[in-house]
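S.K.:
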Amino acid sequence: MKIAILYDSATGNTAYLAEALHKTYPDAALCTPDTCSVTDADCVLLGFWTDKGTCSDKLKAVLPELSRKKVFLFGTAGFGASDSYFSQLIDRVKAELPADCQVMGWYMCAGRMDEGVRRRYEQMCENPETREKGEMLLRNFEAAAAHPNADDATALVERCRAALG
1 MKIAILYDSA
11 TGNTAYLAEA
21 LHKTYPDAAL
31 CTPDTCSVTD
41 ADCVLLGFWT
51 DKGTCSDKLK
61 AVLPELSRKK
71 VFLFGTAGFG
81 ASDSYFSQLI
91 DRVKAELPAD
101 CQVMGWYMCA
111 GRMDEGVRRR
121 YEQMCENPET
131 REKGEMLLRN
141 FEAAAAHPNA
151 DDATALVERC
161 RAALG
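Start counting the sequence shown at 1; every next residue gets the next number (the UniProt record's numbering).
(1) For the region 114-122 and the region 133-141, state whether three or more C-beta atom pairs, one from each stretch, are separated by less than 8 angstroms.
(2) For Ser87, count the other beta carbons within 10 Å of its own beta carbon; 16 or more makes it buried, fewer makes it exposed. Which is it?
(3) Suppose you measure from the CA of Asn13 to the CA of Thr76; what does that come to, to the nearest Å?
(4) Count the other CB atoms, across all protein chains shown, that sit within 10 Å of the CB of Gly111; report buried if there are 16 or more and exposed otherwise.
(5) Check whether the Cβ atoms of Phe74 and Gly53 sit closer than 8 angstroms, and answer yes or no.
(6) So, with DSSP's three-state summary, where would you put Met104?
(7) Please say whether Pro26 and Pro64 have beta carbons closer to each other than 8 angstroms?
(8) Three-state secondary structure (DSSP) at Lys94?
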């Protein structure tokens, strides 16, 4: 089976996971929406960062190339660290895929955010009307700061291997 690892990464989080997969599948093409086509691949390991609850527009633009392919989804999200939340994100990305794709499985984990996000949350804490939400978002920011990490990469590889057989 010819594999391609196609990913889009805004902050390096998804790139980190894509590199972990590439170490496991060194013969796979490793590419971004700007660098290659996946038309020759039988299976695409598709990585995304969460942008407004789904994948980025840049990645959406190349999804038609995945028609009739096996797909394993992986991604990172700055907010939320529960399987139920991650499942919702995966469902939204699946809805963007061509109908004839075969989704083999998925893996999601938290992903660290840039400092500009922290500053927005800190500003929310200064306002009595948004303080509670700001404090909750700051706690999430701190929890996500350690991700993705080696444990996340290992879990991704294990889930991908199990899905692909």
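We treat Cβ as the ideally placed atom computed from N, Cα and C, and that holds for glycine. Predicted model only: the values in this text are computed from it and were never measured.
M.R.: In terms of the structure at hand:
(1) yes
(2) Taking the first residue of the sequence shown as position 1, residue 87 is located at position 87. Counting the other CB atoms within 10 Å of its CB gives Ser87 a total below 16, which places it among the exposed residues.
(3) Taking the first residue of the sequence shown as position 1, residue 13 is located at position 13. Taking the first residue of the sequence shown as position 1, residue 76 is located at position 76. In a straight line, the C-alpha of Asn13 is about 7 angstroms away from that of Thr76.
(4) As a position in the sequence shown, residue 111 is number 111, starting the count at 1. Buried: at least 16 other Cβ atoms inside 10 Å.
(5) Taking the sequence shown and counting its residues from 1, the one referred to as residue 74 is at position 74. Taking the sequence shown and counting its residues from 1, the one referred to as residue 53 is at position 53. No, Cβ-Cβ distance for Phe74 and Gly53 is not below 8 angstroms.
(6) As a first step, residue 104 must be located in the sequence shown, where it is residue number 104. In this structure, Met104 counts as strand in the three-state DSSP scheme.
(7) Start at 1 with the first residue of the sequence shown, and residue 64 comes out as number 64. Start at 1 with the first residue of the sequence shown, and residue 26 comes out as number 26. No, these two residues do not count as a Cβ contact at 8 angstroms.
(8) Counting from 1 along the sequence shown, the entry for residue 94 is found at position 94. Helix, per DSSP.
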